[in-house]
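The sequence shown begins at 3 in our numbering and counts up by one.
Notes follow the structure.
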Amino acid sequence: MAREAVYQQSDPAVPGDLPPGDPPVVASASADGPDDQERKLRPRRLDEMVGQRDVIERLKIAIDAATGRGEPLGHILFDGPPGLGKTTFATVIPAEMGTTVQMANGAGLSAPKDLLPYLTNVSEKSVLFIDEIHRVPKAVEEYLYTAMEDFRIDIVLGEGVNARTLNFELQPFTLIGATTRAGMLSAPLRDRFQIREHLGWYSDDQLCELVIRNAKKLSVEIDQPAAGEIARRSRRTPRLANNRLHWVRDYAQIKAKGSVTIGVARDSLDMIGIDKLGLDKQDRNYLETLIRVFGGGPSGLEAIAHTMNVSSDTLEDEVEPFLLRSELIVRTRRGRMATSKAFEHMKMAPPTL
3 MAREAVYQQS DPAVPGDLPP GDPPVVASAS ADGPDDQERK LRPRRLDEMV
53 GQRDVIERLK IAIDAATGRG EPLGHILFDG PPGLGKTTFA TVIPAEMGTT
103 VQMANGAGLS APKDLLPYLT NVSEKSVLFI DEIHRVPKAV EEYLYTAMED
153 FRIDIVLGEG VNARTLNFEL QPFTLIGATT RAGMLSAPLR DRFQIREHLG
203 WYSDDQLCEL VIRNAKKLSV EIDQPAAGEI ARRSRRTPRL ANNRLHWVRD
253 YAQIKAKGSV TIGVARDSLD MIGIDKLGLD KQDRNYLETL IRVFGGGPSG
303 LEAIAHTMNV SSDTLEDEVE PFLLRSELIV RTRRGRMATS KAFEHMKMAP
353 PTL
């Protein structure tokens with residue numbers, strides 16, 4: 003099989019080195035990109051980010067070291083629950099390095115031909131961000147191996163004895179992957195990331211600071227107690243805090259002349275069924291069913307789902323994770339059980355023996 007080399011020439015119109023402080027140029031975006039409101043609230047520099055301070059400090063060292071050597075930043079993998087800032091980091095890092103960023107989604111890269119345009123368009127020291135990278139198929143993943151290690155890809159043309167391989171040289175770039183299911187990544191792909199960071203939950207104080215900052219960006223007048231109330235009902239997740247803030251802003255605009263006080267924040271969140279622990283109507287319905295119908299458990303998931311007339315997958319994937327994290331239920335071999343904290347929150351008496 004014949005083998006020949008193909009060398010890529012970078013496009014001079016694509017800014018490989020932007021002045022520090024300028025936002026990254028998105029050379030290509032997926033259909034699953036953030037909406038305008040989310041982009042408006044998203045930080046542009048690491049210093050503007052709230053929370054994840056240990057992650058930020060490590061990234062600053064890696065960025066400064068790579069910039070000082072004149073090399074691309076090592077490949078980075080972010081993992082953690084949704085809504086904690088993986089995509090935000092992927093847009094802030096190129097801004098810190100003064101380079102461009104391309105954004106793709108693992109679900110959209112169904113074949114190697116879907117990945118090739120991203121790889122062939124990378125400029126020197128630029129960033130390629132793949133969200134939900136665990137959904138990349140094996141055939142596409144194998145193309146990433148040589149691209150990440152040797153900055154080249156091998157393209158096979160033809161079949162049989164007439165086939166030949168083109169060695170396509172790539173510009174040195176940084177791949178940033180984000181995943182909510184790190185365990186689904188294959189070991190060969192996972193080990194090719196020089197930097198791996200796990201994003202943890204935010205504290206109420208960090209979310210309060212985030213709400214105050216974003217309220218200023220939205221031109222919303224809000225006081226500290228109101229921001230704290232929104233933070234406490236946001237499940238320690240920045241994305242939910244932003245969603246709550248948008249709703250409170252709309253409520254205040256119609257009901258309180260645009261000013262957000264703690265009373266307005268409570269009334270607006272109560273109106274959409276978000277209680278003081280951040281539980282919504284379906285969460286409370288789950289707890290009520292478990293306590294009232296099954297005496298607090300133990301009960302099987304299917305029995306609870308049929309009683310509520312809800313899919314068991316919905317309960318397991320959407321409802322139970324936060325209830326478990328909040329110590330409102332426990333999973334045992336015999337089934338789900340409500341804790342004393344759940345009885346107290348729902349204001350229901352535990353069953354008598």
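For glycine and all other residues, C-beta sits at the position ideal for the given N, C-alpha and C.
Keep in mind that this is a model prediction, so the values were computed, not measured.
Query raised in the report: Do the region 304-320 and the region 241-261 touch if we need at least three Cβ pairs shorter than 8 Å?
Result: Because the criterion of three Cβ pairs below 8 Å is not met, the region 304-320 and the region 241-261 do not touch.
Query raised in the report: For Met350, which three-state DSSP category applies?
Result: Per DSSP, reduced to three states, the secondary structure at Met350 is coil, with no helix or strand assignment.
Report task. Please go through the same chain and pick out, in chain order, the residues whose beta-carbon is closer than 8 Å to the beta-carbon of Lys219, but skip the five residues on each side of it. Result -> Correct list, in chain order: Lys42, Leu43.
Report task. Tell me whether the beta-carbon of Asn169 lies closer than 8 Å to the beta-carbon of Arg183. Result -> Not in contact: Asn169 and Arg183 (Cβ atoms no closer than 8 Å).
**Report entry** Complete runs of the beta strand (DSSP E) confined to the region 235-267 [at least 3 residues]
**Finding:** Entirely contained in the region 235-267, not one beta strand (DSSP E) run reaches 3 residues.
Report task. Give the single residue among Phe296, Tyr204, Ala165, Pro352 whose Cα lies nearest to the Cα of Gly85. Result -> Among Phe296, Tyr204, Ala165, Pro352, the Cα nearest to that of Gly85 is on Tyr204.
Query raised in the report: For Thr102, which of helix, strand or coil comes out of DSSP?
Result: In the structure shown, Thr102 sits in coil (DSSP, three-state: anything other than H, G, I, E or B).
Report task. Going by CA-CA distance only, name the one from Thr102, Ser301, Ser270, Val103 that's closest to Tyr253. Result -> If you compare the alpha carbons of Thr102, Ser301, Ser270, Val103 with that of Tyr253, the shortest gap goes to Ser270.
Query raised in the report: Where does Phe345 fall in DSSP's three states?
Result: Shown here, Phe345 sits in a helix according to DSSP, grouped into three states.
Query raised in the report: Is it true that the CB of Ala109 sits closer than 8 Å to the CB of Tyr120?
Result: No; because the gap between Cβ atoms is not below 8 Å, this pair is not in contact.
Query raised in the report: Between Met339 and Pro300, is the Cβ-Cβ spacing less than 8 Å?
Result: Against a cut-off of 8 Å, the Cβ pair of Pro300 and Met339 comes out as a contact.
Query raised in the report: For Val222, which beta-bridge partners are listed by DSSP?
Result: Per DSSP, none; premise fails for Val222.
**Report entry** Those residues which DSSP pairs with Thr176 across a bridge
**Finding:** Bridge partners of Thr176: Val129.
Query - Beta carbon of Leu289 nearer than 8 Å to that of Met348 - result: Against a cut-off of 8 Å, the Cβ pair of Met348 and Leu289 comes out as a contact.
Query raised in the report: Which residues share a DSSP beta bridge with Thr291?
Result: In the DSSP secondary-structure assignment, Thr291 is not bridged to any residue.
Query raised in the report: Counting pairs of beta carbons, one from the region 196-213 and one from the region 60-77, are three or more of them closer than 8 Å?
Result: Touching, per the Cβ criterion.
**Report entry** Counterpart residues of Gly337 in DSSP-defined beta bridges
**Finding:** Thr334, per the DSSP bridge assignment.
Query raised in the report: How about Ala113 and Ala141: are their beta carbons less than 8 Å apart?
Result: In contact: Ala113 and Ala141 (Cβ atoms closer than 8 Å).
Query raised in the report: Which word fits Gly265, buried or exposed, when buried means at least 16 other C-beta atoms lie within 10 angstroms of its C-beta?
Result: Flag for Gly265 reads exposed.
Report task. Find out if the Cβ-Cβ distance for the pair Leu48, Val94 is shorter than 8 Å. Result -> Cβ distance < 8 Å, so Leu48 and Val94 count as in contact.
Requested in this report: Evaluate His136 with the Cβ neighbour count: other Cβ atoms within 10 Å of its Cβ, from every protein chain shown; 16 or more gives buried, anything less gives exposed.
Outcome: His136 counts as buried, since no fewer than 16 other beta carbons sit within 10 angstroms of its beta carbon.
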